[in-house]
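FYI, in our numbering the residues of the sequence shown are 54 to 657. All residues carry an ideal CB built from backbone N, CA and C; glycine is no exception.
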Amino acid sequence: MHMRLLLVVPRYYPDWESNKTFYLLPWGLMYISSYLKQQGFEVHVLNQNHYGPDKLAEILSQNSFDAVLTGGLQVHLQPVKRVVDIVKDHDPRILTIVGGPMATSHAELVIESLEIDYAVLGEGEEVAFNLLTALQSGQDVQEILGIAYRENGKFVKTPEAPRIADLDALPFPDYESFEFDHYLDNYEFENQMEVVNPGVRMAYIAGSRDCPAKCTFCFRTMGGEYVVRSVDNVMKEIKFLMERYRVNQIELSDEIFSVNKKRVYEFCDQIEKLNIPWTCQIRVNMINEALILRMKEAGCILISYGLESASPAILKSMQKGVRVDQIETALQATRKAKVTIQGNWIFGDPDESPQTVRETLDFNRKYRDYCIHLDVLLAYPGTPMYFDALERGLVADRIEFFETGHNEHGEPLNVTSMSEDDYYALRKKLLLEARATSIFGKILKIKGIKGGKFLASVICPYCEFCNEDMIVVKRAYGMIPFACRSCFQRFKIDEMGLPKYQNLFKRNFKLLKRKIGNTTLFLLSLKFEPDLFKNKPLWFLLMPVYYTVSVLRINTIIGKCRRIRRKIKSTVRQQPGKVNDELLKTDTKTWMVGEEHKALLKRA
């Protein structure tokens with residue numbers, strides 16, 4: 054008789070009500086569930102994100118299980134720990150098994166901090182099956198490849214398990230048990246940044262596993278061996294999702310979609326018959342204009358590029374294997390084909406300097422209408438960059454960093470050669486750059502819908518097409534970019550057009566906060582690059598004085614003095630010190646033109 058298993062999806066946002074915060078379903082766990090069921094195990098599933106915080110304890114009290122399986126990304130350490138603690142508090146005899154990138158990247162740390170029984174490393178289906186079969190029959194688990202555990206207080210890690218060669222032999226993910234219907238019904242408006250239309254029911258499909266690239270900032274769960282599914286097998290899953298769950302948009306989650314161009318053309322020929330829009334991820338050195346046009350004809354609406362940097366030195370340091378001219382060619386071809394561009398510039402590589410930052414920002418300003426997101430680089434656990442940071446003594450607390458990805462001050466880890474002050478100023482400079490280079494559409498009308506979201510009619514700033522009933526969703530980092538339904542180019546909307554800011558008092562207070570932020574960023578920019586505004590008119594240098602007087606006057610009237618004091622204390626405490634000599638020697642070429650600054654101030 055097979056073991057009785059419970060697979061648990063951690064409750065990722067324990068302080069939020071269920072069905073309020075978007076999350077990604079754990080496709081790895083879904084594959085393991087369907088595979089173990091295929092092998093005859095009795096598998097039960099609990100997706101905690103769809104229930105209250107006490108649901109796991111309730112199920113454990115009403116049922117008997119031999120083992121509980123869970124897992125997740127590195128940042129999910131605490132949610133997984135809560136699952137393990139509840140299980141052990143209920144019955145210490147229940148085996149706890151954890152897998153996913155968190156276990157694979159740092160098995161010893163995970164076993165030590167979670168106090169679990171076993172960790173499944175790498176590709177999980179066959180490893181989990183072999184481990185459970187051995188435990189069930191009483192075999193010695195030392196013979197099982199791809200696991201880690203503690204024996205007599207000593208950490209044990211077995212050799213790496215071989216990869217699954219035939220992905221077509223695997224059953225589809227266990228959509229039913231993980232409540233995919235409920236997932237689509239409750240998160241249909243927030244599946245991904247390109248979803249702005251009502252009624253979208255999007256599914257993520259992996260047509261391949263892992264990535265052959267060797268980028269220093271990326272963690273490869275399965276070691277970098279690239280394996281693909283057949284196009285026929287992928288199409289069967291898409292058809293199943295369309296018929297069973299009324300899915301009407303597909304996102305291919307493959308890290309690299311176009312390694313084999315012949316396979317891409319075959320995919321396009323087949324998915325075109327289904328008449329369903331889809332998105333994918335591609336490297337800029339694996340695409341050309343002809344292929345993009347064929348993908349567009351077959352229903353591709355968005356391509357996500359890992360751009361990272363427009364500095365040759367940084368691309369080399371990251372081991373990206375691409376050139377700046379390839380980035381430029383891919384973006385231009387994608388724009389010409391009327392396919393939406395999704396991309397990121399990330400700053401903070403160990404070789405990053407003011408000069409390399411300027412190279413990327415210059416490129417971004419040249420192509421500002423591509424709406425590329427600016428962000429800082431995170432040294433994820435398990436990556437070459439992370440282990441380099443460990444050797445350099447930059448990680449003070451491994452467990453805390455594993456959970457948050459930030460240092461002891463709650464900020465991204467500075468792995469560059471720049472000082473902390475210069476690195477902090479760089480981050481603020483990116484915020485100002487993002488504000489100044491944003492392109493906004495014009496809101497004609499807007500109305501509220503469920504869940505704090507809005508439907509808006511917006512005129513595209515590029516082609517002037519009126520996009521009706523576009524969904525407005527606000528994130529912590531600002532408004533989600535839109536893609537025009539006519540030219541498919543991205544743009545943003547100004548949050549001041551939302552109904553909650555139509556009230557004069559709220560609008561003025563929001564404008565006030567923005568002015569405070571812009572002033573702070575302006576002063577930090579002067580500190581970071583003192584010759585930046587040497588040729589700018591004097592009135593611009595006097596703007597901080599005007600803002601300061603206005604802030605004090607208005608806040609005295611509305612009684613916000615305490616908040617201002619906290620703001621000032623925080624700003625003073627975080628202000629950077631003197632810039633280093635290397636920074637003073639850099640090119641004094643301005644990184645933002647006067648007209649962009651004026652537009653920024655006008656929006657503020």
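Quick check on the DSSP output: the alpha helix (DSSP H) that includes residue i runs from which residue to which?
{"i": "residue 395", "result": "Careful: residue 395 lies outside any alpha helix (DSSP H), inside the beta strand (DSSP E) at 393 to 400."}
{"i": "residue 661", "result": "Outside the shown range of the chain (54 to 657) lies residue 661, about which nothing can therefore be said."}
{"i": "residue 367", "result": "365 to 371"}
{"i": "residue 521", "result": "It is not in any alpha helix (DSSP H) - residue 521 instead sits in the beta strand (DSSP E) that spans 519 to 525."}
{"i": "residue 361", "result": "Element bounds for residue 361: not the alpha helix (DSSP H) but the beta strand (DSSP E), 353 to 361."}
{"i": "residue 343", "result": "342 to 350"}
{"i": "residue 452", "result": "451 to 457"}
{"i": "residue 314", "result": "314 to 324"}
{"i": "residue 441", "result": "437 to 444"}
{"i": "residue 85", "result": "80 to 91"}
Keeping to the same chain, check which residues put their C-beta closer than 7 Å to that of residue i; ignore five residues upstream and five downstream.
{"i": "residue 493", "result": "514, 544, 545, 546 and 547"}
{"i": "residue 259", "result": "80, 306 and 307"}
{"i": "residue 233", "result": "298"}
{"i": "residue 375", "result": "336, 337, 338 and 368"}
{"i": "residue 421", "result": "490 and 492"}
{"i": "residue 418", "result": "490"}
Would a C-beta distance cut-off of 8 Å place residue i and residue j closer than the cut-off?
{"i": "residue 363", "j": "residue 320", "result": "no"}
{"i": "residue 662", "j": "residue 454", "result": "Because residue 662 is not part of the residues shown, which for the chain are 54 to 657, the question remains open."}
{"i": "residue 225", "j": "residue 92", "result": "no"}
{"i": "residue 111", "j": "residue 55", "result": "no"}
{"i": "residue 218", "j": "residue 199", "result": "no"}
{"i": "residue 348", "j": "residue 327", "result": "no"}
{"i": "residue 287", "j": "residue 262", "result": "no"}
{"i": "residue 660", "j": "residue 480", "result": "In this structure the chain extends from 54 to 657, so residue 660 is not present and cannot be described."}
{"i": "residue 324", "j": "residue 331", "result": "yes"}
{"i": "residue 370", "j": "residue 404", "result": "yes"}
{"i": "residue 131", "j": "residue 521", "result": "no"}
{"i": "residue 122", "j": "residue 78", "result": "no"}
{"i": "residue 209", "j": "residue 136", "result": "no"}
{"i": "residue 1", "j": "residue 541", "result": "A query on residue 1 cannot be resolved here, the shown segment of the chain reaching from 54 to 657 and no further."}
{"i": "residue 204", "j": "residue 84", "result": "no"}
{"i": "residue 304", "j": "residue 257", "result": "yes"}
{"i": "residue 125", "j": "residue 63", "result": "yes"}
Which residue marks the beginning of the beta strand (DSSP E) containing residue i, and which one marks its end?
{"i": "residue 99", "result": "95 to 100"}
{"i": "residue 171", "result": "171 to 173"}
{"i": "residue 378", "result": "It is not in any beta strand (DSSP E) - residue 378 instead sits in the alpha helix (DSSP H) that spans 377 to 389."}
{"i": "residue 297", "result": "Careful: residue 297 lies outside any beta strand (DSSP E), inside the alpha helix (DSSP H) at 284 to 298."}
{"i": "residue 507", "result": "507 to 512"}
{"i": "residue 500", "result": "495 to 501"}
{"i": "residue 60", "result": "57 to 62"}
{"i": "residue 151", "result": "148 to 152"}
{"i": "residue 258", "result": "255 to 258"}
{"i": "residue 429", "result": "426 to 429"}
{"i": "residue 412", "result": "Careful: residue 412 lies outside any beta strand (DSSP E), inside the alpha helix (DSSP H) at 407 to 419."}
Once you ignore the five residues that flank residue i on each side, which residues in its own chain have a CB closer than 6 Å to its CB?
{"i": "residue 461", "result": "449"}
{"i": "residue 346", "result": "390"}
{"i": "residue 274", "result": "154 and 157"}
{"i": "residue 27", "result": "Given a span of 54 to 657 for the chain in the structure shown, any question on residue 27 remains unanswerable."}
{"i": "residue 358", "result": "337 and 396"}
{"i": "residue 235", "result": "103"}
{"i": "residue 639", "result": "Interpretation of residue 639 is limited by its pLDDT of 35, a score under 50 that renders its predicted location unreliable; no figure is taken from the coordinates."}
{"i": "residue 267", "result": "372"}
Skipping 5 residues on each side, what residues in its chain have a beta carbon closer than 8 Å to that of residue i?
{"i": "residue 344", "result": "311, 314, 317 and 318"}
{"i": "residue 187", "result": "193, 194, 196 and 197"}
{"i": "residue 141", "result": "147, 149 and 168"}
{"i": "residue 139", "result": "109, 110 and 113"}
{"i": "residue 658", "result": "Any property of residue 658 remains undetermined from this structure, which presents the chain solely from 54 to 657."}
{"i": "residue 469", "result": "401, 402, 403, 404, 405, 406 and 476"}
{"i": "residue 442", "result": "432, 448, 466 and 468"}
{"i": "residue 350", "result": "321 and 325"}
Is residue i near the ligand ADP - that is, is its Cβ less than 7 Å away from at least one heavy atom of it?
{"i": "residue 291", "result": "Within the structure as shown, the ligand ADP is missing, as the structure has no ligands at all."}
Practice task
Examine the Cβ distances between the stretch 391 to 402 and the stretch 351 to 369 and report whether three or more of them are shorter than 8 Å.
Solution key: yes
Handout entry: Cβ pair count under 8 Å reaching 3, the stretch 424 to 441 against the stretch 163 to 170
Key = no
Exercise for the section: Mind the definition here: the stretch 142 to 153 touches the stretch 108 to 127 only if three or more C-beta pairs lie below 8 Å; say whether that holds. Expected result: yes
Handout entry: Those runs of the beta strand (DSSP E) which lie wholly inside the stretch 95 to 137 and span at least 3 residues
Key = 95 to 100 and 120 to 124
Exercise for the section: Only counting runs of 3 or more residues, tell me where the beta strand (DSSP E) segments fall wholly within the stretch 197 to 234, in order along the chain. Expected result: 200 to 204 and 207 to 210
Practice task
Output the residue ranges of the beta strand (DSSP E) runs that lie fully inside the stretch 154 to 189 and measure 3 residues or longer, sorted by chain position.
Solution key: 171 to 173
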